[in-house]
């Protein structure tokens, strides 16, 4: 029997990251590939205690079906967290999702018809590309420089492509590590409001700033509630719980809830309650402080190792937070072609190409610094630099 | 700013169940509406111990990102469970999903383009209707009688509609409680194989048989691996963990994994490991036996109460398992119109209409018997019968 699949499956290119991740489970391989947080920093004992308390105090409720929107006390806590980030949101404006991956999927689900255009940074988060491809979207990259995307480019792009929305990661962007400057955020908000462009602001890394000062989110400028904001506990608590959230205007929220109801009914009741209990019983701000210090140190080690080892012609970004930096090779370097040799040397990275909706970007590579110890970072960069030196000859 | 939503959102009708469930949280209301398992039977202490052991023994792994396909030891256990159900499956043939709701969503995602036809029982599971609507599918109901759908009707329907698949719930169907007979399953499998019809067999309730003998699944006849089978732990362990699974042919599995990667990356690592640990450390078969006995008793109480109280002209099904029975009123009864008066009398049910893809079925109602104590079942049926008697006048 030959099975006829949906057209959207033709559009979804499998990610090379998944293939790379199969290799990275080998302990002899130093991986700068995945976007994994450091597991040795997870608040394991605290989650264990929270878990035990939740099941002891409200086991049957924690194991039963629940509302699609999310566990109400968790939604209230997340609204309070939004207030700390300068974003006005009530509990009802929060949708709890199965990771912020699902938040993005639901936004695409309620907004995108086949052929619809999405504006993105170029490069951008590769899983976002995959999600939008799964709705058969078209992409229009927005010109960018070291301060992020250039807002003044938006009106012409909007006039030409009538995009459904602009998707961007203003803080410590994936893959580049770049941050959109405060003045650009202000211009972007004003221009988007003027031309009626919906902005989808993805903020998984904003709390992971290890140097410099926080910049208010675009959503915090949005007094009229026009933009959509996503975040997650995957980088600040633990990704295995699969909890993210979306803050959306009321008109969008109703659709997202209908969409989520069809997608998975609701996110794990147990995980939502455990997270809520953990937030109530422990000081997560102090925990995040620990992560920030560790990642800042690891970034510093990676930056220093790159400076010491990398051959001429290679440059890289200097992010003030997050988990990634972005290496740019000289013309002619093909990082995808380098990957097999890198695996032989027992070091891996993600080739740049996957992050460009148009498939360009062959001379770039993304390096993750959050998930390796300083010693392994030094050793891994030495191996990588040797390979880059050979590639040049 | 006016937001243009995707076309699929027009097709998704919000479920009246969600609105009903808002009322059912009131303790004075006796609810036969939701499809909720009995929370007083959840294995709370066992899950608590499993949870604690998982976090103590492998906390960092349980809190980290994981593979899309699912926790490998859980997949192996689910494959062994499949073998017990007569279904040949390796661990690699199992995809762990965020509830079987997500399994259905992923099947629709990889198979359905707008306008594609799905064959269904009539009536059928309302959330399945919602999922298929979210992919802008068309529906063609298959004629049914008390033994379930009539396989001989399939060739003509397939010739006329070229459906992507047939969706059905052979065991204790939702909403009717009916079971597809063994001989029908055999004919259905043979006819589907002959005419190249993909069968999607949803089996959430199969383990909940309280009388009669088990009937082999359609998938167990499928030596060539042509059909797709879904199940869940929502009714046999706990729905709050949001764990279901799909058994699919290899060609479909790869697509489902790509689809799931875009949908939510993976299901909760913690919940998957807790479930695995629970299955290893405890006797879930004995637990299911307890549920079966309790639900069988509750069904008996509801059936007896209906016999005693319901006015002439009402009949109902006599399921041998599961969680629902299906009441059929005399011509002219409109169960949706009755609902407001039912809420005034503090009893609720689900009107039949939501279960018919074509919106027919106004004289039916679905009653759940798993989530009320025998006393509340007697009282609730008395209230409902009084209302039905008035409706007849």
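Residue numbers (the numbering used here), protein chains in the order written: chain X, 1 to 393; chain Y, 1 to 393. Glycine is no exception: its CB is placed at the ideal position from the N, C-alpha and C atoms.
Here residue 231 of chain X really is in contact with residue 203 of chain X; their C-beta atoms are around 5 Å apart, less than 8 Å. Assigned with DSSP and collapsed to three states, residue 333 of chain Y falls in coil, not helix or strand. Of the residues assessed, residue 271 of chain X falls on the buried side of the cut-off, its CB having 16 or more other CB atoms within 10 angstroms. About 7 Å separates the CB atoms of residue 99 of chain X and residue 243 of chain X; that is less than 8 Å, so the two are in contact. Between the stretch 100-109 of chain Y and the stretch 254-261 of chain Y there are three or more C-beta pairs closer than 8 Å, enough to call the two in contact.
Between the alpha carbons of residue 234 of chain Y and residue 336 of chain X lies a distance of about 43 Å. Of all residues in the stretch 60-88 of chain Y, only 60, 61, 62, 63, 64, 65, 66, 67, 68 come within less than 9 Å of chain X when Cβ atoms are compared, listed by chain position. With contacts defined by Cβ atoms closer than 7 Å, residue 66 of chain Y and residue 79 of chain Y do not form a contacting pair. Membership of residue 372 of chain Y in any alpha helix (DSSP H) is not indicated, and neither H nor E is assigned to it by DSSP. Residue 364 of chain Y is bridged by DSSP to Y/328.
For residue 155 of chain Y, the enclosing alpha helix (DSSP H) stretches over residues 154-161. Not flagged as an interface residue toward chain X: residue 124 of chain Y, since no C-beta distance is shorter than 7 Å. The beta carbon of residue 177 of chain Y lies closer than 7 Å to those of 317, 319, 322, 324, 325, 326 in the same chain, with the five residues before and after it left out. Proximity of chain Y to residue 99 of chain X at the Cβ level (cut-off 8 Å) is accounted for by 264, 265, in chain order. Closer than 7 Å to the CB of residue 348 of chain X there is not a single CB belonging to chain Y. Residue 223 of chain Y and residue 192 of chain Y have their C-alpha atoms roughly 13 Å apart.
When DSSP reads this structure, residue 165 of chain X sits in a beta bridge with X/118. Here the alpha carbons of residue 54 of chain Y and residue 125 of chain Y stand approximately 35 Å from one another. Exclusion of the five residues before and after residue 361 of chain Y leaves 123, 352, 353, 355 as the residues of its chain whose Cβ lies within less than 7 Å of its Cβ.
In the three-state reduction of the DSSP assignment, residue 237 of chain X falls in the coil class. Note that the C-beta distance between residue 105 of chain Y and residue 269 of chain X is not below 7 Å. By a beta-carbon distance limit of 8 Å, residue 62 of chain Y contacts residue 273 of chain Y. Their separation comes to about 5 Å. For residue 98 of chain Y, the pairing in a beta bridge is given by DSSP as Y/243. Rounded to whole angstroms, the gap between the alpha carbons of residue 179 of chain Y and residue 57 of chain Y is 43 Å.
Annotation for residue 132 of chain Y: the continuous alpha helix (DSSP H) segment containing it runs 126-134. Shown here for residue 279 of chain X: same chain residues with a beta carbon closer than 6 Å to its own, the five before and five after excluded, namely 77 in chain order. CA-to-CA, the gap between residue 115 of chain X and residue 208 of chain Y works out to about 45 Å. Straight through space, the alpha carbons of residue 186 of chain X and residue 387 of chain X are spaced by roughly 42 Å. Under the three-state reduction of DSSP output, residue 386 of chain Y falls in the helix class. Along the stretch 193-205 of chain X, the positions whose C-beta sits under 7 Å from a C-beta of chain Y are 196, 198, read in chain order.
Cβ-Cβ distances below 6 Å link residue 211 of chain Y to 320 in the same chain, with the five nearest sequence neighbours on each side left out; the list follows chain order. Spatial neighbours of residue 343 of chain X in its own chain (CB-CB distance under 8 Å, excluding positions within 5 residues in sequence) are listed in chain order as 23, 29.
In the DSSP assignment, residue 145 of chain X forms a beta bridge with X/148. For residue 239 of chain X, the chain Y residues whose Cβ falls inside 7 Å of its Cβ are 64, 65, in order along the chain.
Restricting attention to Y/237, Y/150, Y/162, the CA atom closest to the CA of residue 288 of chain Y is found in Y/237. Just so you know, the alpha carbons of residue 213 of chain Y and residue 64 of chain Y end up roughly 43 Å apart.
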